[in-house]
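Presented below is the structure to which this report refers.
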Amino acid sequence: MSAVLDELAAGGVRLAVPLLLASAGELLSERAGVLNLSVEGMMLTGAFAGAAGALASGSAVVGVGTALVAGLVVALLQAVLSVTLRADQIVTGITINALALGGTTYAARLWFGDGGAGSVPGFDPLPVPVLRDIPVLGPALFQQSALGYTAFAVTAVLAVAGARRTAWGLAVDAVGEDATTADRCGLPVRAVRYAVVLLTGATSALAGAQLALSEVHSFSDNLTAGVGYLAVVAVIAGRWRAWPTMLACLFFGTAQALQFAAPALGLHVSAPLLTTLPYVFALLAVSGLVGRSRAPSALTVPFVRGT
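Each residue of the sequence shown is one higher than the one before, counting from 2 in the working numbering.
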């Protein structure tokens, strides 16, 4: 049983790492008033670009670089549409996801062939001596790849830097609550929103690279399979706060890992039911049944100077 619990914890954290990365950027973006449903597209594009770059260069590090560039390009498109052109954020997000799915599928056929990418250079686990032997927590936290440890560090840095007691965090919240008043007080509303959308692109691209280069060492059609949407759900379930959002990501990752560990634990629960658990939890969160939840006042509201 101990071995099963270790495996469940390790699998849950491993599946939560891409969620943690993507939601870390999306949290700041939503707090600033921009909803990026395109996180899924950013992740998928980053996964493809990471695999393509790693395969072409023979270096996983180069793959991470190409993933970041690709994610930032998609994020720039999202920022131009939602911040500059003030297009509907939900429509643009869904459209970008559709474009990313079609574009990466077509590009993968051209780049990798019909069989998709085989084994591409990636990141292997780097167990930390002694710490990896801690029951439950050791296998979960201290047997990550270099990219996995980087994900933990990036998530922690963004949580601290974007805290509501820092100047940056206060600026983000001010823009997301009342952009007009923030503008009158001298805050560069559009610059802040561009920054957080681009940041979301970078973290989402890293999340995609984590999937492609650390988890499967390959790329296949629709590799992300809705993980980007779950990252958005985690922000909502976490009620737009950093630590609850991280806990939501860990919960979602564990729920996904439970699909594989349930038989060993003697749990006879259908896999589709376990798959829906994250979304059920999110519905409970936004309904107020598990605590009060209030979105930023200016979320999805375009900023027009002088209004």
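Don't be surprised by glycine CBs; every beta carbon is placed ideally from N, CA and C.
Give the range of the alpha helix (DSSP H) segment to which residue i is assigned.
i	result
S205	V190 to A210
S58	V40 to S58
V81	It is not in any alpha helix (DSSP H) - V81 carries neither H nor E in the DSSP assignment.
R87	Segment: none, R87 is in no alpha helix (DSSP H) and carries neither H nor E.
V176	A168 to E178
A226	Looking at the DSSP string, A226 is not in any alpha helix (DSSP H), and its letter there is neither H nor E.
Tell me whether residue i sits in a helix, a strand or coil according to DSSP, three-state version.
i	result
S221	coil
P130	coil
S146	strand
D125	coil
I95	helix
C250	helix
S271	coil
P303	coil
V281	helix
G239	coil
V137	coil
G114	coil
R165	coil
V155	helix
P297	coil
Taking 6 Å as the limit between beta carbons, can you name the residues of its chain near residue i, skipping five residues before and five after?
i	result
S298	E178
L148	F124, Q211 and S215
A61	A55, P122, G123, F124 and L214
L243	The sequence shown places Ala at residue 243, not Leu. Excluding positions up to five away in sequence, the list reads A160.
V35	S83, R194 and V198
A80	Y195 and V198
G64	G51, G54, A55 and L214
Roughly how far, in whole angstroms, is the beta-carbon of residue i from the beta-carbon of residue j, given that I think they are within contact range, below 8 Å?
i	j	result
Q145	L127	7 Å
V236	S83	Not quite, the Cβ-Cβ distance comes to about 16 Å (not below 8 Å), so this is no contact.
L22	T204	5 Å
I95	T301	Their Cβ separation, rounded to whole angstroms, is 13 Å, which puts I95 and T301 out of contact at 8 Å.
L200	L20	Rounded, the Cβ-Cβ distance is 16 Å, inconsistent with contact.
D174	R295	Actually they are not in contact, since the Cβ atoms of D174 and R295 sit about 12 Å apart, beyond 8 Å.
A48	L224	5 Å
A99	D222	Wrong, their Cβ atoms sit about 14 Å apart, outside the cutoff.
Tell me which same chain residues have a C-beta within less than 7 Å of the C-beta of residue i, skipping the five on either side of it?
i	result
V190	V176, A180, A183, D184 and F304
V75	S39, G42, M43, T46, I97, A101 and G202
L16	G254, Q257 and A258
R306	D184
W241	L28, E31, R32, A296 and P297
L132	G139 and F143
T246	S24, L28, A235, V236 and G239
Using the Cβ count rule (16 or more neighbours within 10 Å means buried), how would you classify residue i?
i	result
D134	exposed
G51	buried
N37	buried
V198	buried
A152	buried
A208	buried
S219	buried
Y107	exposed
P140	buried
V14	buried
R166	exposed
L69	buried
A232	buried
R87	exposed
L73	buried
C250	buried
A168	exposed
T277	exposed
Strictly under 7 Å for the Cβ-Cβ distance: is residue i near chain D by that measure?
i	result
I135	Here chain D cannot be found, since the structure has a single protein chain.
Once the 5 residues before and after residue i are set aside, which same chain residues still bring their CB inside 8 Å of it?
i	result
T85	R191
L248	G239
G227	E41
A164	G170 and A243
V155	L22, A25, T204 and L207
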